[in-house]
Every structure is written in C-alpha cells, then in structure tokens.
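One structure is given below, encoded as structure tokens.
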Amino acid sequence: MGKAKETLSVGQARRVALAAQGLAKATVAGAPEPGLRQATATARRLGVIQIDSVNVLARAHLLPLYSRLGPYDVGLLDRMAGQAPRRLIESWAHEASFIPVETWPLLAHRRAAAREHWLIGHADLSATLIEGVRSLLAEHGPATAAQLHQIHDAPDHPKAEYWSTRWTAAKAALEVLFATGEVCGVGRTQSFERVYDVVERALPSKVLAMPTPDEATCVRGLIEIAARAHGVATARDLKDYFRLGSKYGGARGAGHHVASAIANLADDGVLIPVEVRGLPADTRPEAWYLHRDAVLPRQAVRRALLSPFDPLVFERTRLEQLFDIEHRLEIYTPQAKRRWGYYVLLFLDGEAITARVDLKADRPTNTLLVQAAHLAAAVAPSEIAGVAERLAAELHQLAGWLTLETIGVTPRGDLALPLRHAL
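Dropping the structure here:
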C-alpha cells in the first residue's frame with residue numbers, strides 16, 4: 009500500500025499560509041524601525057510585489073511591506089529598486105511588479121512571448137524607431153519617457169492610440185522594450201512614471217551572467233517561488249502567482265508546463281501532496297501542496313491591514329477557502345453597485361479576517377478617512393467591540409505612517425459606529 013497522504017485542517021493550512029507570507033508573528037513593541045536588511049528579506053520572501061496606479065491611500069507597492077514590517081521608511085523601496093547594487097527590478101510578473109533581481113532569468117519565457125505579441129502584433133512601430141529609443145536610453149538613462157523627450161528630440165510622431173492609451177510612439181517603443189526585456193523598470197517617480205534603464209546597466213553582473221533557462225525550467229523555478237511564498241497551495245494558486253497560463257505568461261501561456269513542474273517538484277520532495285480538511289462545503293476537490301520548508305506555527309497573532317493587491321489575497325478562491333470570506337475589488341464597479349467600497353483593505357486579526365475598511369488619505373484635511381467599515385460575516389456579536397478596538401489601533405498606526413493627523417469615520421457599514429467609539 010502507498011503511503012497515506014498528509015493532512016492539514018483548514019486552520020493549520022491558514023497558519024502555514026500566514027507564516028509563509030510573514031504575517032503570523034506580532035510586531036515587537038519598541039523594536040527599531042525596519043531597515044534595508046529587513047525590507048529586502050521581506051521582498052524576497054514574497055517573491056513579487058504588485059504595482060498599481062491607484063493612489064487613494066498609498067501606492068499599492070508600498071503597502072505589502074508595511075503590512076509585514078509596520079511603519080517603515082518608503083525610501084528603502086526606492087533604494088532597493090533604484091540604486092546599485094539593485095535588489096529589486098520592475099518587470100511583468102503577477103502584473104507589473106517588483107521582483108528580486110535573481111528572478112529575472114526565470115521570466116525569460118515571458119519576454120520571449122512578448123517579442124511575438126508586441127513586435128509582430130504592433131508592426132507599426134518600426135525597428136528603427138525602437139532601436140533609436142533604446143540607444144537614446146543607453147546613452148542618457150535611466151529616464152522616464154518624458155525625460156527622454158527632454159534630453160533629445162526622440163524619434164516620434166504625434167500622439168496616437170497605442171494599446172488604447174494616448175502614448176507617443178517613443179513611449180510605445182519603450183513599453184515594447186520593457187516587455188521584451190531590452191530595458192527594465194528601475195523605480196517610479198512621485199507622479200508614478202516608470203523609470204527605464206537598459207538591462208546591461210540596471211542588473212547586477214551576476215544576474216546578467218546567468219544562462220537563459222528554457223521555458224520548462226522557468227516555469228519550474230517560478231512555481232517553486234510561488235510555493236514557498238504560499239506555504240500550502242493548490243495548482244491554481246501556484247499558477248496564478250506569476251500569471252502562468254495567461255496570454256502574457258509565456259509562449260501559449262506556459263500553462264502546459266505547470267502540471268509537469270508541480271509533478272517534478274513533488275518527485276524531488278520540494279512539494280508534499282497534502283489533504284486540507286474542513287474547507288467550505290462548496291469547495292471543489294483539488295490537490296494541495298505543502299512546500300517542504302513551510303512551517304506550522306502554533307498560533308498566528310499578527311494584526312495587519314491588507315491592501316487589495318496584497319500577495320495573500322491575490323487569488324480570491326484561495327481567500328474564500330482558507331479564510332471563509334468573499335472579497336472582490338470594486339474600484340471598477342459603479343459606485344451605486346459597490347457593496348464594500350472603492351479601496352477596501354481587509355483587517356487580518358490574528359488567524360481571522362474580521363473586517364473590511366474602505367480607506368482614503370484625504371491630504372487637504374490631513375485625515376485618514378474610513379469611508380465604510382464592515383464586519384466580516386464570521387464575527388460574533390460579543391466580539392464586535394474587541395474587533396473595533398484592535399482595528400482602531402491599526403488605523404492609528406497607519407495614520408501615523410502616512411503622516412495624517414486625524415481619523416474620520418463615515419457612518420456606513422455595520423462596524424462604523426463601534427469603530428467610531430473605539431477611536
């Protein structure tokens with residue numbers, strides 16, 4: 009008879025996932041402010057930090073480190089991505105994301121697919137134009153598209169519809185070079201413009217010297233990074249972390265390599281097949297995999313606010329399975345149809361997600377606005393006051409980090425009044 013499959017309760021799987029994401033342990037009161045070493049270790053633990061332009065509270069890529077480290081100097085992220093020796097680089101990964109520089113070779117298949125998708129699909133951008141823009145950047149970079157135009161009369165023609173946006177031809181050429189790996193992103197400006205540089209100057213020499221892996225090797229490497237970041241996960245979760253299988257994930261999506269990568273990692277003992285018991289009743293049967301280095305803490309006590317783009321909540325089905333909470337991004341939902349709000353953060357309260365808060369940094373009034381506060385469905389009435397008090401403490405810390413002086417609560421949602429009293 010074969011060896012019986014290991015089992016985890018859903019509570020154990022949840023704690024494994026939180027530990028893998030650096031969200032199990034409490035912060036230490038009075039500890040020194042996190043420095044470059046801690047920020048770098050956290051970024052490498054996550055493997056990918058999504059970038060998004062929404063700035064109603066703070067830029068999306070700033071919040072995952074805050075959720076895990078507490079108040080930190082955001083200049084550390086600029087330093088990791090913008091100064092040599094670089095620790096992070098911007099690339100297409102989950103979406104546009106910061107990734108550790110060591111991961112760059114593992115996205116070679118994605119860049120190869122982009123050459124077909126961008127260059128063949130958009131032949132109106134001439135090779136001469138693209139090479140001219142690259143040469144200009146090599147000579148004067150790093151630079152934004154706007155700075156490139158100021159440096160020189162960059163090859164251009166009037167703005168036109170490129171990829172459904174009003175880009176100049178030179179900006180479109182930069183995006184082709186970014187997608188195909190001729191240039192990479194080395195930071196963002198205050199106005200969120202991408203700063204480009206040629207890879208020969210941006211990447212450390214040890215990374216440039218690495219051989220280019222074949223697609224199967226790339227997928228295996230990315231699956232292992234995803235597995236380590238998840239702790240325990242389904243094949244769907246592992247595939248989604250770097251968006252393998254999408255049209256941007258590699259040649260034909262690279263999805264045909266995912267199953268074999270998981271099987272090979274299991275054969276090598278890197279992934280351990282497990283059964284997770286106690287999942288919601290409507291969960292369809294699927295295999296789960298535990299990374300061999302995953303840890304199962306006795307308890308998870310971290311309290312943190314998680315942005316809509318946090319790696320813990322990337323995959324909504326996983327969130328429902330492990331935390332029994334349905335969550336949808338409603339930024340693009342018409343206001344009248346939103347259930348929870350525009351920019352909703354989840355409140356991780358130990359081992360549970362107990363609240364949703366729609367937050368806004370209102371700079372004119374120097375106020376952290378709680379535009380809606382809702383309890384998660386699993387909160388018992390006797391626990392409401394405690395949830396409100398713990399959430400209030402997190403909001404005070406967040407306001408301080410954002411240099412906002414006051415907190416205002418709009419009376420929307422079943423937690424709004426208890427939260428106002430707690431504050």
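9 is the number of the first residue of the sequence shown in this note's numbering; add one for each residue after it. Backbone N, C-alpha and C fix where the C-beta goes; we use that ideal spot for every residue, glycine too. Source: prediction; values computed, not measured.
Proximity of residue i and residue j at Cβ, strictly below 8 Å
i: V194; j: A210; result: yes
i: H102; j: F250; result: yes
i: P72; j: D318; result: yes
i: R23; j: P305; result: yes
i: V417; j: L427; result: yes
i: H117; j: C226; result: yes
i: L313; j: Q29; result: no
i: V309; j: W296; result: no
i: A401; j: A384; result: no
i: E14; j: V207; result: no
i: V215; j: P113; result: yes
i: I57; j: S105; result: yes
i: L185; j: R142; result: yes
i: R346; j: E334; result: no
Environment of residue i [buried if 16+ CB atoms lie within 10 Å]
i: H429; result: exposed
i: W171; result: The pLDDT assigned to W171 is 42, lower than 50, so where the model puts this residue is not dependable; a value taken from the coordinates is nonetheless given after this. Exposed, since its Cβ has fewer than 16 Cβ neighbours within 10 Å.
i: H148; result: exposed
i: L376; result: buried
i: Y351; result: buried
i: M9; result: Confidence is the limiting factor: at M9 the pLDDT is only 41, short of 50, which leaves the residue's position unreliable and the question unanswerable from this model.
i: L44; result: exposed
i: G257; result: Note on G257: pLDDT 48, under 50, position unreliable in the model; no value is reported.
i: M88; result: buried
i: L423; result: buried
i: G83; result: exposed
i: A92; result: exposed
i: Y80; result: buried
i: P219; result: exposed
i: S315; result: buried
i: T136; result: exposed
Of the residues the options, the one placed nearest residue i, counting alpha carbons only
i: L367; options: E359, A381, A360; result: A381
i: L77; options: A295, R311, H404; result: R311
i: L279; options: L70, L377, V240; result: V240
i: V64; options: A217, I361, L353, G358; result: L353
i: L273; options: E323, L31, H102, L298; result: L298
i: G140; options: H117, A121, A177; result: A177
i: G372; options: T325, E334, I138, T411; result: Here the sequence assigns Pro to residue 372, which means Gly is not the residue at that position. Of the candidates T325, E334, I138, T411, the one whose C-alpha sits nearest the C-alpha of P372 is T411.
i: E201; options: A120, A154, Q343; result: A154
i: T291; options: V282, A267, G277, E328; result: E328
i: P293; options: D275, V303, R244, D276; result: R244
i: D205; options: F106, A386, G90, P342; result: G90
i: V365; options: G358, K345, A396, A51; result: A396
i: L96; options: R196, S315, D370; result: R196
i: S75; options: T341, P42, Q198; result: P42
i: E98; options: T50, K33, D357, C192; result: C192
i: I361; options: E391, Y340, T341, A369; result: E391
i: I415; options: P389, V387, V378, G421; result: V378
i: H264; options: T242, G408, A224, S17; result: A224
i: P221; options: A146, R119, S199, H157; result: R119
8 Å contact criterion, which residue i and residue j should meet: CB distance rounded
i: F355; j: L399; result: 5 Å
i: R236; j: D301; result: 6 Å
i: H69; j: L85; result: 7 Å
i: R324; j: R336; result: 7 Å
i: T111; j: I233; result: 7 Å
N- and C-terminal bounds of the alpha helix (DSSP H) containing residue i
i: V18; result: 18 to 28
i: L6; result: With the chain covering only 9 through 431, there is no way to say anything about residue 6.
i: K179; result: 177 to 188
i: L505; result: In the structure as shown, the chain begins at 9 and stops at 431. Residue 505 is therefore absent and cannot be evaluated.
i: R228; result: 223 to 238
i: D275; result: 266 to 275
i: G8; result: This structure does not reach residue 8, given that the chain is present from 9 up to 431, and the question cannot be answered.
First and last residue of the uninterrupted beta strand (DSSP E) at residue i
i: Q379; result: 375 to 383
i: S105; result: 104 to 108
i: T414; result: 414 to 417
i: W100; result: 96 to 100
i: I138; result: I138 -> not in any beta strand (DSSP E); alpha helix (DSSP H) instead, spanning 135 to 148.
Contact test: residue i Cβ vs the ligand COA heavy atom, cutoff 7 Å
i: S268; result: Ligands are entirely absent from the displayed structure, and the ligand COA is therefore not among its contents.
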